[in-house]
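Chemist:
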Amino acid sequence: MRSFAGRDILSLKDFERNEFFRVFEIAEELEPIARNRQNTDLLKEKTLVTAFYQPSTRTRLAHEAAMIRLGGQVTGFSDAKMTRAGDFYQESIKDTVKMLEFYGDVIVMRHFQQGAPAEAAKWASVPIINGGDGWGEHPTQILTDLYTVLREKGRIDGLKWLAVGDMRMRTMHSLGYGLTQFDCPITFVSPEGQRLSEEMKGEFKDYGLNFNEVEHVEQAIADADVILVEPVVQPDYTKSRDEREGDVGLTPANYKITKDLLVNKAKSDAILLHSLPRMDEIPPNVDITRWSRYWQEAFNGVVMRMALLALVLGATE
Ligand code: CP
Numbered sequence: 064m065r066s067f068a069g070r071d072i073l074s075l076k077d078f079e080r081n082e083f084f085r086v087f088e089i090a091e092e093l094e095p096i097a098r099n100r101q102n103t104d105l106l107k108e109k110t111l112v113t114a115f116y117q118p119s120t121r122t123r124l125a126h127e128a129a130m131i132r133l134g135g136q137v138t139g140f141s142d143a144k145m146t147r148a149g150d151f152y153q154e155s156i157k158d159t160v161k162m163l164e165f166y167g168d169v170i171v172m173r174h175f176q177q178g179a180p181a182e183a184a185k186w187a188s189v190p191i192i193n194g195g196d197g198w199g200e201h202p203t204q205i206l207t208d209l210y211t212v213l214r215e216k217g218r219i220d221g222l223k224w225l226a227v228g229d230m231r232m233r234t235m236h237s238l239g240y241g242l243t244q245f246d247c248p249i250t251f252v253s254p255e256g257q258r259l260s261e262e263m264k265g266e267f268k269d270y271g272l273n274f275n276e277v278e279h280v281e282q283a284i285a286d287a288d289v290i291l292v293e294p295v296v297q298p299d300y301t302k303s304r305d306e307r308e309g310d311v312g313l314t315p316a317n318y319k320i321t322k323d324l325l326v327n328k329a330k331s332d333a334i335l336l337h338s339l340p341r342m343d344e345i346p347p348n349v350d351i352t353r354w355s356r357y358w359q360e361a362f363n364g365v366v367m368r369m370a371l372l373a374l375v376l377g378a379t380e
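In the working numbering, the protein residues as written are 64 to 380.
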């Protein structure tokens, strides 16, 4: 297996099956630190730089919390407008990371341009972690989701997935790539205009993903062991910031997971994931049902980032 030390985490297309399990193993080892709300000194000599060109609650703060749990330091920006990349100069990714690499030992970047973290990785001498790039990928989120499935169901292979939402979404791309390494058939449900591109479907086929597409969640929910939902009422992920203007509309029933649907149609032991934030596609009364696992997913988001930081910084092999 390739070493994780010094490695960029840009895409799940890069991940081999045994590498997933290695990350999950380290996450399981480190999990008690987060569960017991302790901090350790594993990364006490290291600093994380956060370079966020797009808003985030979970991805940035989970990486920061993970670094703090492991005794490291954190610096960075959460709004590029306060940097030279976001003012008159429009400083390039290259020039920016050529600075950031001296401010810390690993950089987590979120950007509205697909491929920006890969561009940063070309120039940085420290590992770059992709925290979401445009409509590209969101590898650390899907690592979190796969780890959540492993913890909640005791296995990944052999489970049937249902993914509902906007298939342009970066999480959906990382999910498809990730599942190519497991025995997991998946059904995608998305509106016209938000379907998987032909190019993406071609790639999934090339990598051996067992997938199909249907029109309505009711056509697939009864078979699903894992239901992963994203909004279809979405901002434009290619913008640095997309403010809500006026009424944005409601989610059609085809793409909504309600309590009634779960009670009447879902498997009794299925689990429901959502990377969040949500609109109305999962109403709040689903939160207290036995299917929901998104708060567990949020906790695992910190644990997963602890594992990734420890691995890419060479604190564990
Ligand atoms: N799940 C996720 O990426 O959330 P944020 O946009 O808040 O980081």
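Beta carbons are placed, not taken as given, at the ideal position from N, Cα and C, and that holds for glycine.
The model shown is predicted, which means the values in this text are computed figures rather than measured ones.
If we ignore side chains and look at the alpha-carbon of each, how far apart do THR211 and GLN359 end up?
Modeler: The residue given as residue 211 occupies position 148 in the sequence shown. The residue given as residue 359 occupies position 296 in the sequence shown. Looking at the two C-alpha atoms, the distance is approximately 7 angstroms.
Chemist: DSSP three-state label for VAL112, please.
Modeler: Translated into the one-based positions of the sequence shown, residue 112 becomes position 49. Here VAL112 sits in strand by DSSP.
Chemist: Residues in its own chain within less than 7 angstroms of ASP229 by CB, not counting five upstream and five downstream?
Modeler: As a first step, residue 229 must be located in the sequence shown, where it is residue number 166. Excluding residues within five positions, the ones whose Cβ falls inside 7 angstroms are SER253, GLN257, GLU293, PRO294, VAL295 and GLN297.
Chemist: With 16 as the cutoff for other CB atoms within 10 Å, does GLY199 come out buried or exposed?
Modeler: Walking along the sequence shown from the start, residue 199 turns up at place 136. Buried, by the Cβ-count rule.
Chemist: Which stretch, first to last residue, makes up the alpha helix (DSSP H) that contains PHE267?
Modeler: If you number the sequence shown from 1, residue 267 lands on position 204. 261-269 is the extent of the alpha helix (DSSP H) around PHE267.
Chemist: What residue does the alpha helix (DSSP H) around HIS126 start on, and which one ends it?
Modeler: If you number the sequence shown from 1, residue 126 lands on position 63. Where HIS126 is concerned, the enclosing alpha helix (DSSP H) stretches over 121-132.
Chemist: Figure out for me which residue from VAL326, SER303 and VAL349 has the closest Cα to the Cα of SER119.
Modeler: In the sequence shown, the residue the question calls residue 119 occupies position 56. Answer by Cα proximity: SER303.
Chemist: Measure the Cβ-Cβ separation of ILE334 and GLU215 and say whether it is below 7 angstroms.
Modeler: The count along the sequence shown starts at 1 and reaches residue 334 at position 271. The count along the sequence shown starts at 1 and reaches residue 215 at position 152. Cβ distance < 7 angstroms, so ILE334 and GLU215 count as in contact.
Chemist: State the start and end residues of the unbroken alpha helix (DSSP H) segment that holds GLY139.
Modeler: Counting from 1 along the sequence shown, the entry for residue 139 is found at position 76. Note, GLY139: premise wrong, no alpha helix (DSSP H); beta strand (DSSP E) at 136-140.
Chemist: Put VAL349 into one of helix, strand or coil per three-state DSSP.
Modeler: Along the sequence shown, one-based indexing puts residue 349 at 286. VAL349: helix per DSSP, three-state reduction.
Chemist: With a threshold of 8 angstroms, are at least 3 pairs of Cβ atoms found where one atom belongs to the region 89-105 and the other to the region 361-377?
Modeler: Touching, yes.
Chemist: Taking 6 angstroms as the line, does the beta carbon of GLN177 fall inside it for any heavy atom of ligand 1?
Modeler: What you label residue 177 is simply residue 114 of the sequence shown in a count that begins at 1. Answer for GLN177: no, Cβ out of range of ligand 1.
Chemist: Measure the beta-carbon distance from PHE151 to TYR300 and round it to whole angstroms, keeping in mind my assumption that it falls under 8 angstroms.
Modeler: As a position in the sequence shown, residue 151 is number 88, starting the count at 1. As a position in the sequence shown, residue 300 is number 237, starting the count at 1. With 8 angstroms as the limit, PHE151 and TYR300 do not qualify as a contact, their Cβ atoms being about 25 angstroms apart.
Chemist: By how many angstroms is the C-alpha of VAL375 removed from the C-alpha of VAL365?
Modeler: As a working note, residue 365 is residue 302 in the sequence shown. As a working note, residue 375 is residue 312 in the sequence shown. One C-alpha to the other measures close to 15 angstroms.
Chemist: Give the list of continuous alpha helix (DSSP H) stretches no shorter than 4 residues that lie fully inside the region 75-112.
Modeler: If we require 4 residues or more, the alpha helix (DSSP H) runs fully inside the region 75-112 come out as 80-98.
Chemist: From ALA361 to TRP186, what distance separates their C-alpha atoms?
Modeler: Within the sequence shown, residue 361 is the residue found at index 298, counting from 1. Within the sequence shown, residue 186 is the residue found at index 123, counting from 1. Cα to Cα, ALA361 sits roughly 32 angstroms from TRP186.
Chemist: Just curious, the alpha helix (DSSP H) that VAL212 is in, first and last residue?
Modeler: As a first step, residue 212 must be located in the sequence shown, where it is residue number 149. Taken as a continuous stretch (DSSP letters only), the alpha helix (DSSP H) holding VAL212 covers 202-216.
Chemist: According to DSSP, which residues form a beta bridge with VAL277?
Modeler: Taking the sequence shown and counting its residues from 1, the one referred to as residue 277 is at position 214. Paired residue(s): VAL252.
Chemist: Could you check if ARG121 belongs to the surroundings of ligand 1, using beta carbon to heavy atom distance under 6 angstroms?
Modeler: Stepping through the sequence shown from its first residue, residue 121 is reached at position 58. Yes, Cβ of ARG121 sits closer than 6 angstroms to a heavy atom of ligand 1.
Chemist: May I ask you to report which of helix, strand or coil DSSP gives SER237?
Modeler: One-based indexing of the sequence shown puts residue 237 at position 174. SER237 falls in the helix class under three-state DSSP.
Chemist: Looking at ligand 1, does it come within less than 6 angstroms of GLN204, judged from the CB to the closest heavy atom?
Modeler: Position 141 of the sequence shown, counting from 1, holds the residue named residue 204. Checking the Cβ of GLN204 against ligand 1 gives yes.
Chemist: Quick one: what's got a C-beta closer than 6 angstroms to LEU291's C-beta in the same chain, skipping five residues either side?
Modeler: Indexing the sequence shown from 1 puts residue 291 at position 228. So the list reads ALA226 and LEU336, once near-sequence residues are dropped.
Chemist: Is any heavy atom in ligand 1 found nearer than 6 angstroms to the beta carbon of SER237?
Modeler: The residue labelled residue 237 in the question sits at position 174 within the sequence shown. Every heavy atom of ligand 1 is 6 angstroms or more from the Cβ of SER237, so no.
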